[in-house]
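Residue numbers (the UniProt record's numbering): 1 to 689.
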């Protein structure tokens, strides 16, 4: 028996345990305690053979067990307390970082919006958490609306003070709401203003690059209009209702988009075939032979009728609707609509050049095309030359009464007005004065931006020339590259100093002539780089993808010179976009005289794109031009673009259409048109507004 404790307690314990063990003949064990003392008692019987001889008792002190248990509980308690404090701290931190911080930023953003100190959308701090993404989108939409409203109000205030009159989106909307009255406005185009595409498992709405959306959306918003267009997105069919309609824009639905569906064969024959292998080369003097196929023409007629049917369905409940048709894809539609709805006011704008009568006479179906166009009440072209070519073509090809001095055509009792409306770009913020300090800061930023952009291609240069085009044979890209090569040969000090960046967005890649053009462009770039490239310098950078608006503006602002050398173009908005982007009032524009833009932008360096040496010398002249002359030329071009922006274009076309009389005209009325029309026909283009 071994134990430590009071002897009397041990003796009493031993007797009781031994007795139990002897009685049962088995091992007996138990815990016991008295006061603060705790023990473990074990008794083992002792056998000799089959006889029980006695028992052995062991009593062990077990007080340490309670002590250890108490220590364990104390340690666990403090661990739990520390863990609770840590969890609470982390929770409070997460609430503060992911909830209170974004909400605080949102509140600060709202305060800035309210007080008129909102940041630009690109710099704005909005809630980052996915939980707040709906709130963030709504805040950005509201911020954009408030910024636009404040900018418009500020511009109007500046212009009232200066006695000028700038067209803005807001003014255009009010103007058309007052002019249209109860009439609803309908726009018809091949390209849709909003396209839905699949990106993984999601459906995304994108806005294809188009100045038409900028110009016409304010009108449609103001008048709850309808835009009829073909659905080209791979997810377009999943977003319309049973009538092929949906409300747009997605973030603020204000008008209806009606989609027309075309099969792959119709796309091939109507769009790629007749429109772009036939009419496009026919109207552009770029020495590419137009291709006319009877099957393409039949498909072109069917598709035009399908657009007309969709439009007439949308116009069914509208009295005296206003219809604005876009471009050469839908030349037959005006007559189709006018026959069904004589009360409709129909205009069509021809966005490409109109050739001389001899060139247009190549088309086997010129009479049908002219009749389709003359179904409109108003036909718009970019410049007076295109109007005169159209009138001469009508006079030559069909039986009609043409009043050249008044720019009107009477055919089959219907009077059609023909007018020049030079299209432009959005420039609704006015021109802010540029101080010398502003100019220095902008120049430093331009140099830094140029290096950032070129570094993405592993290049460096002191000067930058930029061309931005669709990959199209009318844009003169090959001729431009050859002129750049001539410049490096004639003026070798530009080597390792000047880099040309050519953006060539892929276009109509299933048409053989475009495939061949791409091969020629790539081969020319390769030849120039192989001839002149050094370890430190690359002469030409070719970007063969579609850039978004912000990316293009970065190149415009970083460039020393912009090259627009189209062989033939109705307008070419790249020239005006470059001018609008240059708020530093610097930069040089080299512009083909065969573009509509050359009629307005007289301060550009005008060139013949076929004259390779002449274009090279113009580029050299632009690079060597003094800062004062560059500034004076750019200021003149910016004034032109500011005063004649895209909103003025839309207001003039739709305003003139609204004022036209729709009563059938007598033959004697051909020469009796409004005095304003007479004056407009006689004025030079820069006074036409």
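Quick reminder that beta carbons are idealized off the backbone N, C-alpha and C, glycines included.
Asked	Found
Where residue 315 falls: helix, strand or coil (DSSP)	coil
DSSP bridge partner residues for residue 44 (one or two, in chain order)	56
Three-state secondary structure (DSSP) of residue 363	coil
Distance between beta carbons of residue 646 and residue 215, contact taken as under 8 Å	4 Å
Touching by the beta-carbon criterion (3+ pairs, under 8 Å), the segment 408-419 and the segment 373-390	yes
Delimiting residues of the beta strand (DSSP E) encompassing residue 579	Premise fails: residue 579 lies in the alpha helix (DSSP H), 573-581, not in any beta strand (DSSP E).
Beta-carbon spacing of residue 56, residue 46 below 8 Å	yes
Straight-line Cα distance separating residue 513 from residue 282	14 Å
Distance, residue 173 Cα to residue 502 Cα	37 Å
Spatial distance of residue 656 from residue 212 (CA atoms)	18 Å
Straight-line Cα distance separating residue 242 from residue 565	47 Å
Euclidean distance between Cα positions of residue 405 and residue 388	10 Å
Buried or exposed (CB count within 10 angstroms, at least 16 for buried), residue 50	exposed
Runs of beta strand (DSSP E) wholly within the segment 407-469 (minimum 3 residues, chain order)	408-411 and 414-420
One or two residues paired with residue 230 in a DSSP bridge	260
Validate contact between the segment 314-325 and the segment 358-367 using beta carbons, cut 8 Å, 3 pairs	no
Endpoints, beta strand (DSSP E) assigned at residue 692	In the structure as shown, the chain begins at 1 and stops at 689. Residue 692 is therefore absent and cannot be evaluated.
Range of the contiguous alpha helix (DSSP H) that encloses residue 546	Looking at the DSSP string, residue 546 is not in any alpha helix (DSSP H), and its letter there is neither H nor E.
Residue range of the unbroken alpha helix (DSSP H) whose run includes residue 484	477-490
Ranges of the beta strand (DSSP E) found wholly within the segment 598-658, counting only runs of at least 3	605-607
Ranges of the beta strand (DSSP E) found wholly within the segment 323-353, counting only runs of at least 3	345-349
For residue 341, the nearest candidate out of 357, 516 and 312 (CA to CA)	312
Test item: CB-CB of residue 508 and residue 276 under 8 Å	yes
Counterpart residues of residue 255 in DSSP-defined beta bridges	248
Residue 219 - containing beta strand (DSSP E), residue span	First-last for residue 219: 211-223, but that is the alpha helix (DSSP H), not the beta strand (DSSP E).
Own chain residues within Cβ distance below 7 Å of residue 554, not counting five before or after	449 and 453
Residue 561 vs residue 606 beta-carbon contact at 8 Å	no
The alpha helix (DSSP H) enclosing residue 401, as first and last residue numbers	Run containing residue 401: none in the alpha helix (DSSP H); it sits in the beta strand (DSSP E), 401-403.
Start and end residues, beta strand (DSSP E) containing residue 202	202-206
Length at least 3, wholly inside the segment 169-206: the beta strand (DSSP E) runs in chain order	185-188, 195-199 and 202-206
contact_flag[the segment 590-598, the segment 607-617] where n(CB pairs < 8 Å) is 3 or more	yes
CB-CB length for residue 600 against residue 422, believed under 8 Å	6 Å
Residue 570 (DSSP reduced to helix, strand or coil)	coil
Residue 495, DSSP secondary structure in three states	coil
Exposure of residue 284, with buried meaning 16 or more beta-carbon neighbours within 10 Å	buried
Nearest neighbour of residue 628, chosen from 588, 475, 424 and 28 [CA to CA]	588
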